[in-house]
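Structure first, then comments.
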Amino acid sequence: MTIAKPGSHGFDGHRLAAIDAFVKARYLDTGLLPHAQLLIAREGEVVHFSHQGAAREGGKTIDESSLFRIASMTKPITSIAFMMLVEEGKVAVDTPVHHVLPEFKGIGVYSGGGGGVPFLTKPCEQPMRMVDLLRHTSGLTYGFQNRGNVDAAYREGKIENWHGHLDLDGFVAALGKLPLEFSPGDGWNYSVATDVLGAVVQRVSDMPLDRFFAERIFAPLGMDDTFFQVPADKIDRLTDCYTLVPGKGRIMYDRGEASAWSRMPKLVSGGGGLVSTAIDYHKFTSALLAGGGGLVGRKTLDLMTQNHLPGKSDLATLSKSLFSEAANAGTGFGLGFAINEDVAKTMIPGSKGEYYWGGMFSTAFFVDPVERVTMVFMTQLSPSSTYPIRRELKTMIYAAMT
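Numbers in my numbering are just positions in the sequence shown, counted from 1, shifted up by 1308.
This is the structure in structure tokens:
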């Protein structure tokens, strides 16, 4: 890959190099992270691309061909896929979800029961709409949140297991039999909503979700290294992945050469299933920076990157979630992205209107349409909340602007 001169694109090269030195000293030399890859671009031109740490235990250093599990960085891709269908007039942002997924018709809100006792529900105050799936105000949840009886039912039914007994249709059917945690629009909760949105894309397009992604998004952008299943001839490029266990430290979560991502999942997860490279995801962020890059129109992307939280609120006010990929204060949520609404409240350098997201293995990206800057960060450690590296990277990147 050709790297442009930072100075000719408004960056101090010494300060960019200092980011790598910081990551090495704080995270790699100490063993906190296994590896780190950072790609920074302006106007689509890469000005910094660094690789540090071993791709696999005892192996070679990661490089531009390294594959990473991007987890929830899948979500913006699914959201773009949905909006492509909106542009074709096949569905709308305010369409009730049950119009496409009838399994959700009559779904109620939790009011009691669970834990072996039948659920008690009350009617939703308003129907769940597609906008609720896009902005995480649907009332759905994640099983790993461990907040109450509803997410316990998710775990008991193993409905989020990618290699389990449910495909996307079965997943939707199982969710339709469980109550929502709150009435749609009444709160923000990080959830399986984008997986449900993937089912919507599949139903509306009458095309398997993985095929829609491959033909309608990845092929046009040249994203040849992004997929739900790593091909056999590319598995040697998949990095090792770790998780932090209290009392044990960093342990192996998924080994590259024997990865669960080497098999096609039964449940294709539009919320978190993709593997990609920094270069491929840079192609996606560049398309966004370019106003949609031919995937969606400029005004559609403008709609997506506005704050759609009820009352133009922020996550600090509306969030009911114990887990998210965003700091809460000053952060709104659009149609698939967190939105920087109030830079002062975030207490991190940035721009109003910047949008971003991350994945559970500590990957991250942002698109700043004001400064015309994009970033992709790759590593493989969960949970993503373990270390403040995203905040640190963002601070140092903006500090390197001249």
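For glycine and all other residues, C-beta sits at the position ideal for the given N, C-alpha and C.
For residue i versus residue j, is the C-beta spacing smaller than 8 Å?
i: G1506; j: L1476; result: yes
i: S1374; j: T1585; result: yes
i: G1318; j: T1710; result: yes
i: A1672; j: R1323; result: no
i: F1490; j: V1417; result: yes
i: W1665; j: M1381; result: yes
i: G1493; j: P1404; result: no
i: G1644; j: M1612; result: yes
i: G1642; j: R1443; result: yes
i: R1680; j: R1350; result: yes
i: G1638; j: K1653; result: yes
i: A1488; j: G1422; result: Looking at the sequence provided, one finds Leu at residue 1488 rather than Ala. Result no, Cβ atoms of L1488 and G1422 do not sit closer than 8 Å.
i: A1461; j: L1441; result: no
i: Y1550; j: L1336; result: no
i: E1468; j: V1425; result: no
i: E1395; j: I1587; result: no
i: L1597; j: G1352; result: yes
i: G1495; j: T1445; result: yes
State buried or exposed for residue i, treating a residue as buried only when at least 16 other CB atoms are found within 10 Å of its CB.
i: H1343; result: buried
i: R1606; result: exposed
i: D1459; result: buried
i: P1431; result: exposed
i: L1428; result: exposed
i: K1466; result: exposed
i: G1557; result: exposed
i: P1696; result: exposed
i: S1627; result: buried
i: M1655; result: exposed
i: P1384; result: buried
i: G1451; result: buried
i: K1702; result: buried
i: A1715; result: Outside the shown range of the chain, which is 1309 to 1710, sits residue 1715, and nothing can be said about it.
i: G1555; result: exposed
i: T1449; result: buried
i: D1514; result: exposed
i: R1377; result: buried
Can you list, in chain order, the residues of its chain whose CB lies under 6 Å from that of residue i, leaving out five sequence neighbours each side?
i: S1629; result: N1497 and Y1498
i: V1553; result: I1559
i: T1386; result: T1502, L1505, G1506 and G1578
i: D1676; result: S1659 and E1662
i: K1379; result: The residue you asked about is not Lys; residue 1379 is Ala in the sequence shown. G1580, G1667, M1668 and F1669, listed in sequence order.
i: N1457; result: G1422 and G1423
i: F1526; result: T1534
What is the rounded straight-line gap between the Cα of residue i and the Cα of residue j?
i: G1366; j: D1650; result: 44 Å
i: I1348; j: A1312; result: 11 Å
i: L1582; j: V1576; result: 9 Å
i: D1548; j: F1669; result: 11 Å
i: S1567; j: F1685; result: 21 Å
i: D1402; j: I1415; result: 18 Å
i: I1327; j: G1315; result: 16 Å
i: P1573; j: P1539; result: 13 Å
i: T1593; j: Q1434; result: 34 Å
i: A1362; j: H1471; result: 28 Å
i: I1388; j: L1623; result: 22 Å
i: Q1614; j: N1648; result: 9 Å
i: M1436; j: N1454; result: 23 Å
i: L1340; j: R1334; result: 8 Å
i: D1532; j: F1521; result: 11 Å
i: G1397; j: D1320; result: 46 Å
i: H1359; j: P1691; result: 21 Å
i: P1516; j: T1338; result: 43 Å
i: R1545; j: I1705; result: 28 Å
i: D1562; j: R1364; result: 11 Å
i: T1687; j: P1657; result: 23 Å
i: H1356; j: T1369; result: 17 Å
i: R1519; j: V1439; result: 24 Å
i: E1700; j: A1325; result: 14 Å
Please name the residue or residues paired with residue i in a DSSP beta bridge.
i: R1558; result: L1552
i: Y1664; result: A1646 and F1674
i: A1362; result: T1369
i: P1404; result: R1437
i: G1640; result: I1647
i: I1348; result: H1356 and M1683
i: Y1418; result: T1429
i: G1601; result: V1604
Excluding sequence positions up to five away, which residues of its chain have a Cβ less than 7 Å from the Cβ of residue i?
i: G1599; result: R1606 and L1609
i: E1411; result: V1480, A1481 and G1484
i: V1408; result: V1399, V1508, R1511 and V1512
i: M1392; result: R1524, L1603 and V1604
i: R1463; result: G1451
Leaving aside the five residues before and after residue i along the sequence, list all residues of the same chain whose C-beta is less than 8 Å from its C-beta, in chain order.
i: A1595; result: L1529, G1601, G1602 and L1603
i: K1354; result: The displayed chain sequence assigns Val, not Lys, to residue 1354. Excluding positions up to five away in sequence, the list reads M1309, T1310, I1311, A1312, L1347, I1348 and H1590.
i: V1678; result: S1659, K1660, G1661 and E1662
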